[in-house]
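Peer 1:
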Amino acid sequence: MGYLLRTLHAFRARGSRPFAPAGHATPRLFVTLCLAFAFTGLLAAGCTLFGPRVDPYADIRQNLNAGFPITDAELDALPVYSITTRIDPVSAQYTGTLTLSLPITGSAALDRLYFRSYPNLITFGGNLQVTGASIDGANVNFGPAADGTAVELIALKPLEPGARAEVWLAFSGSLPDPSQPGAYTIFGSNEEVLGLTNFYPILAGRRGDDWALDIPHPRGDVGFHMAALYRARVSIPPNLTLVATGTEITRTVAADGWETVQLALGPAREFTVLLSPRFQVIETEALGTRIRSYYYPEDADAARSALYSAAAALRIYSDRFGPYPYRDMAVVQAPLTFHGMEFPGVNLIGSQVYNRYTQDLETLVVHEVAHQWWYNQVGSDQVRTPWLDEGLAEFTMYYYYEGRYGEPVAERLRQVRWELPVRGLVAGGNDRPIGLTVRDYTSHYETLVYGKGALFFATLRDELGPEKFEELLRTYLARYRWRIATPAEFQAVVEEVAGRDMSALFDEWVYGSATAQQ
Numbered sequence: 003m004g005y006l007l008r009t010l011h012a013f014r015a016r017g018s019r020p021f022a023p024a025g026h027a028t029p030r031l032f033v034t035l036c037l038a039f040a041f042t043g044l045l046a047a048g049c050t051l052f053g054p055r056v057d058p059y060a061d062i063r064q065n066l067n068a069g070f071p072i073t074d075a076e077l078d079a080l081p082v083y084s085i086t087t088r089i090d091p092v093s094a095q096y097t098g099t100l101t102l103s104l105p106i107t108g109s110a111a112l113d114r115l116y117f118r119s120y121p122n123l124i125t126f127g128g129n130l131q132v133t134g135a136s137i138d139g140a141n142v143n144f145g146p147a148a149d150g151t152a153v154e155l156i157a158l159k160p161l162e163p164g165a166r167a168e169v170w171l172a173f174s175g176s177l178p179d180p181s182q183p184g185a186y187t188i189f190g191s192n193e194e195v196l197g198l199t200n201f202y203p204i205l206a207g208r209r210g211d212d213w214a215l216d217i218p219h220p221r222g223d224v225g226f227h228m229a230a231l232y233r234a235r236v237s238i239p240p241n242l243t244l245v246a247t248g249t250e251i252t253r254t255v256a257a258d259g260w261e262t263v264q265l266a267l268g269p270a271r272e273f274t275v276l277l278s279p280r281f282q283v284i285e286t287e288a289l290g291t292r293i294r295s296y297y298y299p300e301d302a303d304a305a306r307s308a309l310y311s312a313a314a315a316l317r318i319y320s321d322r323f324g325p326y327p328y329r330d331m332a333v334v335q336a337p338l339t340f341h342g343m344e345f346p347g348v349n350l351i352g353s354q355v356y357n358r359y360t361q362d363l364e365t366l367v368v369h370e371v372a373h374q375w376w377y378n379q380v381g382s383d384q385v386r387t388p389w390l391d392e393g394l395a396e397f398t399m400y401y402y403y404e405g406r407y408g409e410p411v412a413e414r415l416r417q418v419r420w421e422l423p424v425r426g427l428v429a430g431g432n433d434r435p436i437g438l439t440v441r442d443y444t445s446h447y448e449t450l451v452y453g454k455g456a457l458f459f460a461t462l463r464d465e466l467g468p469e470k471f472e473e474l475l476r477t478y479l480a481r482y483r484w485r486i487a488t489p490a491e492f493q494a495v496v497e498e499v500a501g502r503d504m505s506a507l508f509d510e511w512v513y514g515s516a517t518a519q520q
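If you use our numbering, the sequence shown corresponds to residues 3 to 520, in order.
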């Protein structure tokens, strides 16, 4: 390309001193220009003189569902994590390194970066230490922040907006002692399942130009994160089933039996790993996505039900809002008692729901699957505005029950799961707005954030009408996919689609204290 530009420049520079008769070119110049333009055409077609252009996202595309709407420019703008880790369940230790190619965004240069160390939370009970750090190849000073739940890296020079920083971290971690059987275990070992959720240093979220370093309340999610691309190499001992966010690209086995699995994921909010010698697996397919259900051997019937519920939810939600992004989805029985937890492409379901509270299995599965749209694709501040993803994921179940069983069943869900509990709160004087932080709720958190949150979206649907409401959700998804949306931005989309001011409804439900009498 540079040769072509020099040739054209030389051609222009001759100006009034033509080297060939007007309207003609010498044979040498003609051949040169033809070759140059042909070379340019090869570049435009993605080729080089030495073969096809290498696709930098070839592994990521193995994770993305065919036809999912994302461009190379959108991928280029994302942070990229590369994680290598070795996990030893016997010693309950793991080590690793991480590189993060980070685009610097915002209005001001950064003189430091913050990574969250969630295993150091009391609720996790583990330990995560950063043992080395560099930015753009130069070692930097680092130390604990946010009561040890974050690490601060001091940049040697300001990181300017529009630039891209290359961050390297070395880390080591330990898992807590195995939990008592039946205990909620999101990080650690229980029921022969080893869970490494949020096990690595992850860049802290930001609110404008401020870092989000809250100490999360135990009842809510730990934080929110920028969408990123992930490449991971996970080394594990033999005879364990690995479940991880992402798609397996390669697997190698060393002489000692240890396996190294290479995975690709993204865009996604975070990366997580589970290991177990107990897992059995069944699978099905929906809209080009392979759905797998991992389960304990004694719970095969419940696992089959969970699989079919997840597949139906994926079809219904994709049709209503927009496509699911990945070629893989997992539903995993895990030691979370009767709770669930969402990760990109992985939905953890408490083991007690498989064998004790089976009537709740379908509802819990399709709620967690809804988070693949409202949390993973459209992010929000789950610490300070939990209603925006939890309330919407809860209401999204209405579409599942309507699509699979009919409107009367969906209306029954609305009445029994949302309206009756909220009426009880109102009657008892315990009503509160849905727009509080997790920490601000001293009681009735799930009824208010999930139940009343869902009822707010149901009321909004009543106000707009079903067609306008679906237009709203499709617009919200398309506009804020892979971004962090605020309540104000969601309200702006509502008012754009509605064509009128909707502040009275938001004041009443989100920011005020009154609940419309149902």
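C-beta: ideal position from N, C-alpha, C; glycine also.
Give me, in chain order, the residues of the same chain whose beta-carbon lies closer than 7 Å to that of P105; leave out the 5 immediate sequence neighbours on both sides.
Peer 2: Excluding five sequence positions before and after P105, the CB atoms of its chain that fall closer than 7 Å to its own CB belong to A79, P81 and R166, given in chain order.
Peer 1: Is any non-hydrogen atom of the ligand COA found closer than 6 Å to the C-beta of Y443, if you look at the structure I gave you?
Peer 2: Among the components of this structure there are no ligands whatsoever, and the ligand COA is therefore not found.
Peer 1: Please go through the same chain and pick out, in chain order, the residues whose beta-carbon is closer than 7 Å to the beta-carbon of L394, but skip the five residues on each side of it.
Peer 2: W376 and F459
Peer 1: Under DSSP, the beta strand (DSSP E) around W170 begins and ends at which residues?
Peer 2: R166 to S176
Peer 1: List in chain order: all unbroken alpha helix (DSSP H) runs of 4+ residues lying wholly within the stretch 295-325.
Peer 2: 302-322
Peer 1: Hey, how far is the Cα of L198 from the Cα of Q95?
Peer 2: 11 Å
Peer 1: Just to confirm before moving on: does the CB-CB distance between P423 and T449 stay below 7 Å?
Peer 2: yes
Peer 1: Is the beta carbon of E250 closer than 7 Å to that of L265?
Peer 2: yes
Peer 1: Just to confirm, are D301 and N349 a CB contact at a threshold of 7 Å?
Peer 2: Not in contact: D301 and N349 (Cβ atoms no closer than 7 Å).
Peer 1: When DSSP builds the beta bridges, which residues end up paired with Q64?
Peer 2: According to DSSP, which records beta bridges pairwise, Q64 is partnered with nothing at all.
Peer 1: Might you give, ordered along the chain, the residues of its own chain that have their beta carbon closer than 7 Å to the beta carbon of E76, omitting 5 neighbours on each side?
Peer 2: Non-local C-beta neighbours of E76 in its own chain, meaning closer than 7 Å and more than five positions away in sequence, are absent.
Peer 1: Which class does Q354 belong to by DSSP, given the choice of helix, strand or coil?
Peer 2: helix
Peer 1: By the 10 Å Cβ neighbour count, where 16 or more other Cβ atoms means buried, how is V383 classified, buried or exposed?
Peer 2: A small correction: the amino acid at residue 383 is Asp; Val does not occupy that position in the sequence shown. Its Cβ being crowded by 16 or more others within 10 Å, D383 is buried.
Peer 1: Is the beta carbon of I436 closer than 7 Å to that of G453?
Peer 2: no
Peer 1: Taking only the alpha-carbon atoms, compute the straight-line gap between S176 and I188 and give it to the nearest angstrom.
Peer 2: So the two alpha carbons sit approximately 14 Å from each other.
Peer 1: Only counting the same chain, and skipping five residues up and downstream in sequence, which positions put a Cβ closer than 8 Å to that of R502?
Peer 2: none
Peer 1: Under 7 Å between the Cβ atoms of N378 and R271?
Peer 2: yes
Peer 1: So is L37 buried or exposed if we call it buried at 16+ other beta carbons inside 10 Å?
Peer 2: Residue placement at L37 is poorly supported in this model, since its pLDDT is 46, which falls under 50; the coordinates are not used for a value here.
Peer 1: S505 by DSSP, collapsed to three states: which one?
Peer 2: helix
Peer 1: State the CB to CB distance for the pair R406 and A305, rounded to an integer number of angstroms; the pair is presumed to be in contact (CB under 8 Å).
Peer 2: At roughly 19 Å, the Cβ-Cβ gap does not stay under 8 Å, so R406 and A305 are not in contact.
Peer 1: Provide the residue(s) that pair with E154 in DSSP beta bridges, ordered along the chain.
Peer 2: Y116 and G145
Peer 1: Is the stretch 179-187 touching the stretch 309-328 in the sense that three or more CB pairs, one from each, lie closer than 8 Å?
Peer 2: Remark: fewer than three beta-carbon pairs, one from each stretch, lie closer than 8 Å, so the stretch 309-328 and the stretch 179-187 are not flagged as touching.
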